[in-house]
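Basically the working numbering = 1-based index in the sequence shown + 158.
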Amino acid sequence: MLFSLFLSVHALAAHVRLDQIPVQGSIDVPSALVKKYEDTKIKFLEDYYKVDQENALVFSSDVQLPDDLAYIASQQIKYRDPDDTSDLYPGKSDRYNGISQAGYLTYGHLPMEQHCFDPEKLADLELDIVVLGAPFDTGISYKPGSRFGPDAIRQGTRKFAPAYSPYREGLNVWNNWAKIVDCGNVPMTPLDNRVALDQLYRSERAILNHSTTKANPGKYPRFLALGGDHTISYSGIRAAHEKFGKVSVLHFDAHLDTVNPYYMNPNVTEYAALNHGTYLYWAHRKGWTADNNIHAGLRGWYEDRGDPSRDYSESKFAKIMARDVDKIGVQGIIDKIKERLGNSPVYISFDIDVLDPPSAPGTGSLEPGGWSSRELLEIIDGLAGLYVVGADVTEVSPWGDSTNDVTSIMAGEVARSILGLMVLTPELKE
Ligand SMILES: *[C@@H]1O[C@H](CO)[C@@H](O)[C@H](O)[C@H]1NC(C)=O
Ligand SMILES: *[C@@H]1O[C@H](CO)[C@@H](O)[C@H](O)[C@H]1NC(C)=O
Ligand SMILES: [Mn+2]
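What follows is the structure in structure tokens.
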């Protein structure tokens, strides 16, 4: 704040009369502006600038500036050599110079990796943690639009940089041991869910088949998929299970998503039986998920009276209800999740509708009574120590995001917390 004020005052140019600033011809500096700076009570400005008798804003020469500030304050702009583009290419300018709009649109300005699914590169391209997009919303029962989620979430992370966590001393998810990249969006056909989910499964399996860097003590890369509707977890759990064995699912959602398709509207055909309300039922039925799964943030009403009991008997989920936060607090929730999951390999299946609707309006099935973003982020960050082998952040439907990309920004932040868990626990505890 101070810093930008400093620069803007400087733009008015020291040693130049305010009414004679040579910016594209002449400009009129109203005396009110001069008055404004005279009245400024910010010490920083008082120290370094003075307004002389002729109302000119001057740089006060009796103040000794440190070199770096003196450079910023100096009148001479040192232009780079015209052939020098070293500060302009993506991955440099955008990530390190703090220019959020620069470069390609990747998650959090991560390096773009174009060869993740290139069959020629499976053997030698090393990856540790991968973000990928799953643009798919034809498994949904209410409002569609989440096929546009991946790019919206990336846009919501424009402000990200390789920065340090304010809550965990020294944690920088970007600059750490792991090579983290964005592999782009997987092509998923909107015309046949069976094919689309298979496309995603093969992509995630391919990611897990890459080798890792030497810095990685674990055996396989790990991934975080940006959805897409929640059906995409089906592919992720399937791929993760192939490498890590049965995974324990930590499911953040307002809804069960373990619904037995026999009881779920529309219960029409075999094709319809796999959708964003049933994929967890199928994942357990297929033998990909363990017996210690857990929901967090539930509050959606049950279509069938037997849904909540089948949730346990058929899919082995324990339940943390949204309102539990008022009874046992955030720490109580963290403890319950950790106790349930222990040292298992965990797949985090995340639905943005776990948040209270005002915190995430851009989603398909809003449910009142959800967690605040502060509660949610504290819960996820509190899970450090879990061994997260795969994850997704789903159901971001940007067309419902009427104000300021709120939902995309939330999703981007949740993803950052989940990536933090991956960085903090690089391998399975024995
Ligand atoms: C990829 O991983 C799967 C599952 O672990 C394995 O069966 C398959 O052989 C791997 N494919 C390649 C090309 O490495
Ligand atoms: C689901 O579909 C089957 C087969 O058409 C039908 O027998 C059954 O009654 C349906 N279930 C419910 C709960 O409607
Ligand atoms: Mn869901």
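Backbone N, C-alpha and C define an ideal beta-carbon position, used for all residues, glycine too. Every value quoted in this text rests on a predicted model; they were computed, and no experiment measured them.
- Contact fails between the stretch 357 to 371 and the stretch 529 to 544, because fewer than three Cβ pairs, one in each stretch, are under 8 angstroms apart.
- Out of Tyr247, Asp241, Asp239, Gly548, the CA that lies nearest to the CA of Leu408 is found in Gly548.
- Across the set Asn451, Ala454, Asp411, the C-alpha of Asp411 shows the shortest separation from the C-alpha of Gly435.
- Here the distance from the Cβ of His413 to the nearest heavy atom of ligand 3 is below 7 angstroms.
- Taken in chain order, the whole alpha helix (DSSP H) runs of length 4 or more contained in the stretch 514 to 584 are 531 to 539, 564 to 582.
- Here the alpha carbon of Pro379 sits roughly 17 angstroms from the alpha carbon of Arg574.
- Straight-line spacing of the CA atoms in Lys474 and Ile257 works out to 47 angstroms.
- Of the other Cβ atoms in all chains shown, fewer than 16 fall within 10 Å of the Cβ of Asp245; this residue is therefore exposed.
- If you draw a straight line from the Cα of Val339 to the Cα of Arg305, it comes to about 21 angstroms.
- Closest option to Leu432, judged by alpha-carbon separation, among Gly297, Lys485, Leu544: Gly297.
- Residue pairing by DSSP places Pro375 opposite no residue, since no beta bridge is assigned to it.
- In this structure, the beta-carbon distance from Ala310 to Pro556 falls below 8 angstroms.
- Phe306 sits in a helix when the DSSP states are folded into three classes.
- Taking C-beta atoms as the reference points, Gly500 and Ala480 fail to come closer than 8 angstroms.
- In the three-state reduction of the DSSP assignment, Ala319 falls in the coil class.
- For Glu271, the number of other beta carbons within 10 angstroms of its own is at least 16, and it is reported as buried.
- Taking a cut-off of 5 angstroms from the heavy atoms of ligand 1, the residues with a C-beta inside it are Asn367, Glu400.
- Taking a contact as a CB-CB distance under 8 angstroms, the pair Ser406 and Val504 counts as one, their CB atoms being some 5 angstroms apart.
- By the Cβ rule, the stretch 387 to 404 does not count as touching the stretch 313 to 326, because fewer than three pairs are nearer than 8 angstroms.
- Cβ neighbours of Val488 within its own chain (closer than 8 angstroms, five residues either side excluded): Glu533, Glu536, Ile537, Gly540.
- Residues Gly558, Asp559, Ser560, Val564, Thr565 of the same chain have their beta carbon placed closer than 7 angstroms to that of Pro519, with the five preceding and five following residues left out of the count.
- Within the stretch 323 to 379, the complete beta strand (DSSP E) runs of at least 3 residues fall at 338 to 343.
- Comparing alpha-carbon positions, the option among Pro302, Arg443, Phe381, Gly342 lying closest to Leu263 turns out to be Gly342.
- Taken in chain order, the complete beta strand (DSSP E) segments of 3 or more residues contained in the stretch 440 to 493 are 451 to 456, 475 to 479.
- Relative to ligand 3, even the nearest heavy atom lies 7 angstroms or more away from the CB of His442.
- For Phe410, the enclosing beta strand (DSSP E) starts and ends at 406 to 410.
- Spanning the alpha carbons of Tyr265 and Thr427 requires a straight line of approximately 37 angstroms.
- In the assembly as shown, Glu497 is an exposed residue. Its beta-carbon has fewer than 16 other beta-carbons within 10 Å.
- In the three-state DSSP reduction, Val288 falls in the strand class (E or B).
- It is roughly 11 angstroms from the alpha-carbon of Lys485 to the alpha-carbon of Ile478.
- The continuous beta strand (DSSP E) containing Ser507 extends over residues 503 to 509.
- Cβ neighbours of Leu582 within its own chain (closer than 6 angstroms, five residues either side excluded): Ala542.
- Straight across, the Cα-Cα distance linking Gly328 with Leu579 is about 14 angstroms.
- Per DSSP, reduced to three states, the secondary structure at Leu283 is coil, with no helix or strand assignment.
- Placement of the Cβ of Glu553 at a distance of less than 7 angstroms from at least one heavy atom of ligand 3 is found.
- Pairing Gly528 with Glu553 gives a Cβ-Cβ distance that is not under 8 angstroms.
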